[in-house]
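Worksheet: the structure to be examined is printed underneath.
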Amino acid sequence: MAAILFLIIVNSEQANNLLRIEMGRTYNEDSAHLQQDVNFLKQEISMIRNAVVLLETEKDNLRQAVRKLKLENARLKEKVRRINDKVRAVEGKDGEESNEEEVDYDDIGKDFILVGGAQDPLSIRYEVTIVDDQSIEHKSAERYYWYKMAEYFGDADAMEKIRSAPNTAKAEEAMKDIKGFDEKSWNDVKMKVWEKGQTFKFEQVRWITNLLIETGSCYIAVSHQDKMFGTGWRKNREESNKPIFWDGKNMGGKFLMRYRKKIAADHSWTGPAEKEETHHKYMEMKRFVWRRIDPAVRAGIAGPRGALRGGFRGCFFFLNIFE
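The C-terminal position of the sequence shown is numbered 323 in UniProt numbering, with every residue numbered one higher than the one before it.
Now the structure itself:
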């Protein structure tokens, strides 16, 4: 019995030794794996740090490049200013004459107001009945624009659908189906059509003309991705708030400023009540419409094809024409 007990004790000791050896081996292996993981993480952290340093270097290089570009731009602007002064002198004009549409984007700063969309009377999308030179009624300057687009490409069916559509969305659907549409060809004439539609509106709707007059000498920019009409950015994009990012020609805004200057000389108020009412509307627009995203955008009314087819110091306006 004693012999059996001795064997059990010996075997138990051997088993414990084997277990300790195995546990030690496992611990060592786990430690090795853990150390490998730690080393790997250290390498990753080192790579991230290097990447951050590289990004900071690139950021500094970019800042220097921007400074150089701004300096060169300032030199070019000064050169253009001198040339314009000479031209005005030859034409017998005052060198200090206001010419808002020629203001450089870099000179706008942060003092401007975003306007536009279906709720803005200055916008081409604003719904108000106008009559063209063929005595045809259109429910907005934009609908006129689309109608003339269909006419330009000889699609009589689309013309009628656009004109008689019950709402803007249906009219836009018809516009997208214009047969034979060619963007390059349309780009050659679309600015004239855009200007004509806006002109009809201002000639026929006095209170909207009054509102344009009330903007004074403020810069007007069309906030849209179409780079001919606008600044190249939609109003709901952050870049539209930063003139440094504008890369469009803003021909729509420049037309409105020229038209405003043209009619301002002969404009007169019918009385204090009309001027007061216009000023009230102006303040209402500043409070509830300008600097706000057009509800039509949230509703998804306008699409990209509709767009393509289609804020000196002071108060700056963005006109969003195809939202």
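Even glycine gets a Cβ: it sits at the ideal position worked out from N, Cα and C. All figures in this text were calculated on a predicted structure; none of them were measured in a lab.
Considering residue i, what are the terminal residues of the beta strand (DSSP E) in which it resides?
i: Val193; result: Careful: Val193 lies outside any beta strand (DSSP E), inside the alpha helix (DSSP H) at 190-204.
Count the other CB atoms within 10 Å of the CB of residue i; is the residue buried (16 or more) or exposed (fewer)?
i: Phe40; result: exposed
i: Leu76; result: exposed
i: Trp207; result: exposed
i: Ile220; result: buried
i: Phe288; result: exposed
i: Arg49; result: exposed
i: Ser223; result: buried
i: Gly154; result: exposed
i: Thr209; result: buried
i: Phe255; result: buried
i: Met149; result: buried
i: Thr231; result: buried
i: Arg260; result: buried
i: Gly310; result: Note on Gly310: pLDDT 49, under 50, position unreliable in the model; the coordinate value appears next. With 16 or more other Cβ atoms within 10 Å, it is buried.
i: residue 345; result: Coverage of the chain is limited to positions 1 through 323, which leaves residue 345 absent and any answer about it impossible.
i: Asn28; result: exposed
i: Ile83; result: exposed
i: Ala141; result: buried
i: Arg143; result: buried
i: Ser240; result: buried
i: Lys179; result: exposed
i: Ala171; result: buried
i: Lys201; result: buried
i: Met285; result: buried
i: Met47; result: exposed
Would you mind reading off the limits of the alpha helix (DSSP H) that contains residue i?
i: His267; result: That residue, His267, is in no alpha helix (DSSP H); it is neither H nor E in DSSP.
i: Phe288; result: 272-288
What number of angstroms, rounded off, separates the C-alpha of residue i from the C-alpha of residue j?
i: Thr215; j: Tyr282; result: 8 angstroms
i: Asp157; j: Phe229; result: 27 angstroms
i: Trp233; j: Tyr105; result: 14 angstroms
i: Arg125; j: Thr168; result: 9 angstroms
i: Glu56; j: Gly197; result: 50 angstroms
i: Ala264; j: Asp226; result: 28 angstroms
i: Arg166; j: Glu160; result: The identity of residue 166 in the sequence shown is Pro, whereas the question assumes Arg. About 12 angstroms.
i: Val297; j: Gln119; result: With a pLDDT of 45 at Val297, under the threshold of 50, the modelled position of this residue cannot be trusted; read the value that follows with caution. Each residue's alpha carbon lies about 11 angstroms from the other.
i: Ile45; j: Ala51; result: 10 angstroms
i: Ser217; j: Glu100; result: 7 angstroms
i: Thr270; j: Lys184; result: 45 angstroms
i: Tyr147; j: Ile162; result: 6 angstroms
i: Val87; j: Leu122; result: 32 angstroms
i: Arg63; j: Glu238; result: 20 angstroms
i: Met251; j: Leu212; result: 17 angstroms
i: Ala273; j: Asn236; result: 35 angstroms
i: Lys42; j: His33; result: 14 angstroms
i: Val103; j: Asp85; result: 14 angstroms
i: Tyr152; j: Phe181; result: 9 angstroms
i: Gly117; j: Glu72; result: 36 angstroms
i: His267; j: Glu203; result: 12 angstroms
i: Val80; j: Asp132; result: 39 angstroms
i: Lys59; j: Lys249; result: 29 angstroms
Any heavy atom of the ligand ATP closer than 7 angstroms to the Cβ of residue i?
i: Cys218; result: In the structure on display, the ligand ATP does not appear, and there are no ligands present to speak of.
Using a Cβ-Cβ distance cut-off of 8 angstroms, determine whether residue i contacts chain B.
i: Ala171; result: The chain labelled as chain B is not found in the depicted structure, where only one protein chain is given.
Query - the stretch 187-205 contacting the stretch 169-178, beta-carbon criterion three pairs below 8 angstroms - result: They do not touch, by the three-pair rule.
**Report entry** Entirely enclosed alpha helix (DSSP H) segments - the UniProt domain "NADAR" (131-263), minimum 4 residues
**Finding:** Listed in chain order, the alpha helix (DSSP H) elements of length 4 or more contained wholly in the UniProt domain "NADAR" (131-263) are 141-152, 156-164, 168-176, 183-187, 190-204, 206-214.
Query raised in the report: When the Cβ atoms of the stretch 243-251 are set against those of the stretch 269-278, are three or more pairs found closer than 8 angstroms?
Result: With a cut-off of 8 angstroms on Cβ pairs, the stretch 243-251 is not in contact with the stretch 269-278, counting fewer than three such pairs.
Query - Three CB pairs or more closer than 8 angstroms across the stretch 134-143 and the stretch 100-112 - result: Taking a cut-off of 8 angstroms for Cβ pairs, the stretch 134-143 and the stretch 100-112 do not touch, as fewer than three such pairs fall below it.
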